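Undergrad: Let me begin by handing over the structure; questions about it come next.
Protein chains: 2
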Amino acid sequence: MNIKFAILGFLSWRPFSGYDLKKIFAQSQSLYWSGNNNQIYRSLVQLHQEGLLESEIQLQENNPARKLYTITALGQSALREWLTSQPEPPQLRNTFLIQLAWADQLDDKELEKLLVVYEEELKLQLLIHTERERRGSPNPARTEREKCLWRMISQNWSAVYQNELSWVHQLRSELRKFSGQTEPKERKKDHE
Amino acid sequence: MNIKFAILGFLSWRPFSGYDLKKIFAQSQSLYWSGNNNQIYRSLVQLHQEGLLESEIQLQENNPARKLYTITALGQSALREWLTSQPEPPQLRNTFLIQLAWADQLDDKELEKLLVVYEEELKLQLLIHTERERRGSPNPARTEREKCLWRMISQNWSAVYQNELSWVHQLRSELRKFSGQTEPKERKKDHE
DNA sequence: GTTGCCATGTAAGGTGTTACATGATTTA
DNA sequence: TAAATCATGTAACACCTTACATGGCAAC
Chain E
1 MNIKFAILGF LSWRPFSGYD LKKIFAQSQS LYWSGNNNQI YRSLVQLHQE
51 GLLESEIQLQ ENNPARKLYT ITALGQSALR EWLTSQPEPP QLRNTFLIQL
101 AWADQLDDKE LEKLLVVYEE ELKLQLLIHT ERERRGSPNP ARTEREKCLW
151 RMISQNWSAV YQNELSWVHQ LRSELRKFSG QTEPKERKKD HE
Chain R
1001 MNIKFAILGF LSWRPFSGYD LKKIFAQSQS LYWSGNNNQI YRSLVQLHQE
1051 GLLESEIQLQ ENNPARKLYT ITALGQSALR EWLTSQPEPP QLRNTFLIQL
1101 AWADQLDDKE LEKLLVVYEE ELKLQLLIHT ERERRGSPNP ARTEREKCLW
1151 RMISQNWSAV YQNELSWVHQ LRSELRKFSG QTEPKERKKD HE
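First to last, the sequence lines map onto chains E and R. Position one of the first sequence corresponds to residue 1 (the working numbering), numbered consecutively onward. Position one of the second sequence corresponds to residue 1001 (the working numbering), numbered consecutively onward.
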């Protein structure tokens, strides 16, 4: 999957310029792309070449001209086909798990600190996400059902972070069983 | 983060050849790379150039020679530094969420089918993961603490899939409230 | 005699990122 | 005068993927 279908999706609402889309992507978290120019402008050109979009130049006073892109019938049907296509499973790429895989080389304190820092990072991300959702999405939400979908998409993100947080808690409590065994020279202290 | 630290991690256990590593990556799920040659062999060359690895050619009878890579002291300290570095939050890239964002264009049946198919996909992935974990990991697990870490890494994957599954269930039950309202020609039914 | 394993490596391309370039207008 | 916004686009590069190339040996 690439960003093209997300662009088609937005253009199925109404026409946008590349600059509009760039801002939308930059704002949104669920649309996880960075919103960089390169990708968006090139995608628009390609979609246009494939006949999925039409473009129209809008002249403005005091501001540079903008290229408004409109979805074509072909684009609509391409979008619809993608919508009903086999969904991919989520891509789970968590660098931290790989860090953990060799974290037995750290002593108890270092490991505990790593987990605490990861937990803080997760909390921060959760906060950023909820804050971003609070200040309006660029989402017209024309029907109740669409509102429901968008609410659940946002909730998916929260749920993932919360799931991760509770996993970290479990891990920390599991690891407490081993504390004091890393430096076998020292004798064990009671739960420090 | 890139694959190099994962490679350093394995070599901190014992020397491996590129071919060994390729197989390890291909087997493992938590190490989410595909295990393709290009990346592994080039990473090994680069790590070698950076002085983090030493290589030694092992001649064999009946089989082609292999290059055994050994981690250097510099490599060990680079690994250790990475292990204690600021952990990144998980990268959440779930294409399905983007598919859902415009799924209001589908009718009730199509949408329900999409969710069912996604659920099946998740169950399948969960199964594949647990099956892969069941048949031995390439993990020596020298200490109890390391065993615990690897167990929790594997459990993280299960937890993520299960979290996703319960989210789909919730979504499906939410959507049942709207069924029958997709064709607006029909008159509106009670509470809206 | 084709397929598969061992073991190395390269080519080509997809996807995404940051940073740069231009040039006018508005705001501090 | 410096910066931010509007609006377009390009350059360079990082990372990752599939597929190809070679070549001997073993198994069916």
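In this text, a Cβ means the ideal position worked out from N, Cα and C, and glycines have one as well. Only a predicted model underlies this, so the values are computations on that prediction, with no experimental measurement involved.
Is the separation between the beta-carbon of Ile1128 (chain R) and that of Ser1030 (chain R) shorter than 9 angstroms?
TA: no
Undergrad: Can you name the residues of chain R whose CB is closer than 7 angstroms to the CB of Gln86 (chain E)?
TA: Val1117
Undergrad: State buried or exposed for Ser34 (chain E), treating a residue as buried only when at least 16 other CB atoms are found within 10 Å of its CB.
TA: exposed
Undergrad: Mind checking Lys1113 (chain R): buried by the 16 CB within 10 Å criterion, or exposed?
TA: Lys1113 (chain R) should be labelled exposed.
Undergrad: Secondary structure at Pro1015 (chain R), three-state DSSP: helix, strand or coil?
TA: coil
Undergrad: Just checking my contact of Asn1037 (chain R) with Lys1022 (chain R) at CB under 8 angstroms: how many whole Å lie between their CB atoms?
TA: Yes, Asn1037 (chain R) and Lys1022 (chain R) are in contact; Cβ-Cβ is about 6 angstroms, under 8 angstroms.
Undergrad: Hey, is Met152 (chain E) close to the ligand ATP, as in C-beta under 8 angstroms from one of its heavy atoms?
TA: This structure lacks the ligand ATP; in fact it carries no ligand of any kind.
Undergrad: What residues in the segment 97-127 of chain E bring their beta carbon closer than 7 angstroms to a beta carbon of chain R?
TA: Contact annotation: in the segment 97-127 of chain E, residues whose CB is within less than 7 angstroms of a CB in chain R are Leu97, Ile98, Gln99, Leu100, Ala101, Trp102, Ala103, Asp104, Gln105, Leu106, Glu110, Leu114, Val117, Tyr118, Glu121, Leu122 and Gln125.
Undergrad: Quick check on DSSP: helix, strand or coil for Tyr161 (chain E)?
TA: helix
Undergrad: State yes or no: is the beta carbon of Glu1164 (chain R) nearer than 9 angstroms to at least one beta carbon in chain E?
TA: yes
Undergrad: Take the Cβ of Gln8 (chain E) as the centre, count every other Cβ of all protein chains shown within 10 Å, and call the residue buried at 16 or more, exposed below.
TA: This sequence places Leu at residue 8 (chain E); Gln is not what is there. Answer is buried; the Cβ neighbour count reaches 16.
Undergrad: I need the boundaries of the beta strand (DSSP E) containing Thr72 (chain E), first residue and last residue.
TA: No beta strand (DSSP E) holds Thr72 (chain E); DSSP gives it neither H nor E.
Undergrad: Is Gln29 (chain E) helix, strand or coil by DSSP?
TA: The answer is coil: DSSP assigns Gln29 (chain E) none of H, G, I, E or B.
Undergrad: Would Gly9 (chain E) count as contacting chain R if we go by Cβ distances under 9 angstroms?
TA: Taking Cβ atoms only, chain R reaches closer than 9 angstroms to Gly9 (chain E), which makes this a yes.
Undergrad: Under the rule that 16 or more other beta-carbon atoms within 10 Å means buried, what is Ser85 (chain E), buried or exposed?
TA: exposed
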